[in-house]
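With mature numbering (1 follows the signal peptide of the UniProt record, and there is no 0) applied, the sequence shown covers -23 to -1, 1 to 416. For each residue, glycine too, the CB sits at the ideal point set by N, CA and C. A quick note: this is a predicted structure, and the numbers were derived from the prediction, not measured. Working notes, beginning with the structure itself.
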Amino acid sequence: MRLALFISGVGIAGLSVCSVAMAQSTEITVATVNNPDMVTMQSMMSAFNDAHPDIKVNWVTLPENELRQKVTTDIASGAGQYDVVTVSNYETPIWAQNDWLTPMENLPESYDVDDLLKPVKDGLSVDGTLYALPFYAESSVTYYRKDLFEKAGIEMPDKPTWSQVEEFASKIHSPSDGVYGICLRGLPGWGQNMALFGTMVNSFGGRWFDMDWKPQLTSEEWKNAAHAYVDLLNNYGPPGVTSNGFTESETLFANGQCGMWVDSTVAASYVSDPKTSQVADKVGFAQAPYETTEKGSNWLFTWALAVPQSSKHQDAAKTFVDWATSKDYIQAVADDKGWLAVPPGTRQSTYASEDYVKAAPFAPLVETAIKSASPNDPSAQEVPYTGVQFVTIPQFQAIGTRVGQLMAAMLSGQSSVDEALQQGQTFTDRIMQQTGKPQ
């Protein structure tokens, strides 16, 4: 998860009565993380300015955590400081049910809502109504070194099991040559190590809660997934793995230090580009691993733009959101920057483009991963919640954060699997008792 964007309306005061044209303009401020997608958007702003000279956009860069804190406080209090907020498919249903977001209705026909990939659209909807429009979406896949597999005489299936992944890791693990069998996220956080481990729990047949909202962290499925995760990284992973999140793991793989890596589809272009990857011509792709079930084995995460109910500039805000998430924006980026620079994962038309597939041969695999993500059916067992790598309830940020810390403790040897999962079970149970069952 690597993108954050917030837009705040700025009131216009001190204008003379003769400044009618200026009085009709609206100024909005975009506060963003300095990542490739947002840098690209800023560089494309001349197109928006030409089409909408009455809307002025200013940009401010802030740390992602600070942006999350500020926008949550603003949205919850109804202060109205922001006109557009970047939200994920985690926040959107929760905030929509709290009446914090404006429905994204009456979009122009040219927007083509039906072109949005169904799992992405569904994750941003409540009762069939969209409350945010997707800017970028991702699932998870398996990256591997074709040259190392060929040398070891092994072949990666289209969708491997975690048991196969462990076997493969053992055969290509060669620290003396600077190559580790596998890299996985170990950095604690509900959007870091728990994004990956959450899908492992699903694929081992586990679930976060039973139908009575009782935590299931001490179940055999959780224990089996945790042992597999710890054994993989302790036996075949790089040193200092608890400091490795998405970015660190991506760098390791691109530098040729990982034989395999299970992570976000968004890295496909980075590791395939000779300008950024030392193994660009050696990368193979497969679907994310599973073990006893494919349900919930690959995650779904979306960054989207939404308009708060408290916004004082809803028309201007919706105009910007429409532009930034449209087919026209994607085509404009492709024309100006190349197809590899377009925000991925949101539209069928992107993956139907011959030019995109030619520039990104991995595109069909990514499309399959996103379309196969199952937020409404993430486990082989019945569950009372939606979400693949997270549970769409307000309590999950605290729960996921704490369990992520306990997973890191397992990896570092500070805690056994049974001890850590028992602590996670106790913590989760206490949170749920304090807050009550979700409605």
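Do we get a CB-CB distance below 7 angstroms when we pair residue i with the residues of chain D?
i      : result
Gly105 : Looking for chain D here will not work: only one protein chain is present.
Counting only the same chain and skipping the five closest in sequence on each side, list residues whose C-beta sits under 8 angstroms from that of residue i.
i           : result
Ser392      : Leu383, Ala386, Gln400
residue 458 : The requested residue 458 does not occur in the structure, where the chain is confined to residues -23 to 416.
Asp99       : Pro352, Asn353
Gly57       : Gly(-15), Asp51, Pro285, Ser287, Ser288, Lys289
Ser(-8)     : Here the model assigns Ser(-8) a pLDDT of 38, short of 50, so the residue's position is not dependable, and the following value carries that caveat. So no residue of the chain qualifies.
If you compare alpha carbons, which of the options is closest to residue i?
i      : options                        : result
Pro371 : Lys252, Ile71, Thr50, Met15    : Ile71
Leu101 : Asn212, Asn66, Ala114          : Asn66
Gly233 : Gly57, Val243, Gly261          : Gly261
Val298 : Ala283, His204, Ser287         : Ala283
Ile149 : Gly183, Gly377, Met237, Gly57  : Met237
Thr219 : Ser287, Thr253, Ile5, Gly166   : Gly166
Gly175 : His290, Ser116, Ile408, Thr49  : Ser116
Asp92  : Pro111, Trp77, Asn83, Thr79    : Pro111
Pro320 : Pro13, Val61, Ile5             : Pro13
Asp104 : Asn353, Gln358, Asp187         : Asn353
Pro211 : Val394, Met22, Thr106          : What sits at residue 211 in the sequence shown is Asn, not Pro. It is Val394.
Ser288 : Val142, Pro80, Ser20, Phe186   : Pro80
Ser246 : Asp187, Ser330, Ala340, Asn221 : Ala340
Cys235 : Asp292, Ala172, Val156         : Val156
Gly182 : Gln358, Lys259, Thr405         : Gln358
Lys128 : Ser20, Lys259, Val64, Leu209   : Lys259
Gln19  : Leu388, Thr369, Ala301, Ile347 : Ala301
Just verifying my parser: in three-state terms, what is the DSSP assignment at residue i?
i           : result
Lys289      : coil
Ile131      : coil
Ala257      : helix
Met237      : strand
Ala337      : coil
Trp280      : strand
Arg45       : helix
residue 489 : A query on residue 489 cannot be resolved here, the shown segment of the chain reaching from -23 to 416 and no further.
Trp36       : strand
Val319      : coil
Glu268      : coil
Ala245      : helix
Leu107      : strand
Ala(-3)     : Caution is warranted here: a pLDDT of 41 is assigned to Ala(-3), below 50, making its placement in the model unreliable, and no coordinate value can be reported.
Ile(-17)    : Here Ile(-17) scores only 40 on pLDDT, less than 50, and its place in the model should not be relied on; the value that follows carries that caveat. Strand.
Pro192      : strand
Thr3        : strand
Leu78       : strand
For the alpha helix (DSSP H) that residue i lies in, which residues bound it at each end?
i           : result
Val16       : 13 to 20
Val97       : 95 to 100
Ser180      : 170 to 180
Leu229      : 223 to 231
residue 418 : What is shown of the chain runs -23 to 416, which leaves residue 418 out entirely.
Ala386      : 373 to 389
Leu161      : Leu161 -> no alpha helix (DSSP H), and no H or E assigned at all.
Val156      : No alpha helix (DSSP H) holds Val156; DSSP gives it neither H nor E.
Val365      : Neither: Val365 is in no alpha helix (DSSP H) and is coded neither H nor E.
Asn275      : Element bounds for Asn275: n/a, residue is neither H nor E.
Asp313      : 304 to 314
Phe145      : 139 to 149
Rounded to whole angstroms, what is the Cα-Cα separation between residue i and residue j?
i           : j      : result
residue 417 : Val97  : It is not possible to answer for residue 417, since the shown part of the chain is limited to -23 through 416.
Pro137      : Tyr267 : 7 angstroms
Asp31       : Thr3   : 6 angstroms
Asn35       : Asn26  : 11 angstroms
Ser360      : Thr327 : Position check: residue 360 holds Val in this sequence, whereas Ser was assumed. The straight-line gap from Cα to Cα measures roughly 33 angstroms.
Ser151      : Thr269 : 29 angstroms
Ile52       : Met133 : 46 angstroms
Trp280      : Leu125 : 34 angstroms
Ser303      : Arg407 : 44 angstroms
Thr403      : Arg122 : 41 angstroms
Ala294      : Tyr59  : 9 angstroms
Thr49       : Val256 : 40 angstroms
Thr323      : Thr345 : 12 angstroms
Val90       : Glu82  : 10 angstroms
Leu342      : Ala265 : 11 angstroms
Trp77       : Met21  : 29 angstroms
With respect to the beta strand (DSSP E) encompassing residue i, which residues constitute its N-terminal and C-terminal limits?
i      : result
Gln264 : 260 to 264
Pro111 : 110 to 115
Asp60  : 59 to 65
Who are the Cβ neighbours of residue i in its own chain at under 7 angstroms, not counting the five residues just before and after it?
i           : result
residue 429 : There is simply no residue 429 to check, as the chain begins at -23 and stops at 416 in what is shown.
Leu398      : Leu194, Thr195, Trp199, Lys200, Ala203
Pro355      : Asn179, Lys272, Gly273, Gly364, Val365
Ser147      : Gly158, Tyr213
Thr17       : Val310, Lys314, Ala318
Tyr206      : Phe174, Met177
Trp316      : Asp332, Tyr333, Ala336, Ala337
Phe367      : Tyr67, Trp167, Gly175, Phe373, Gly377
Which same chain residues, not among the five before or five after residue i, have their C-beta less than 6 angstroms away from its C-beta?
i      : result
Thr69  : Leu101, Tyr108, Ala109
Lys414 : Trp190
Please find out if some non-hydrogen atom of the ligand SAH comes closer than 6 angstroms to the beta-carbon of residue i.
i      : result
Lys289 : This structure does not include the ligand SAH; it has no bound ligands of any sort.
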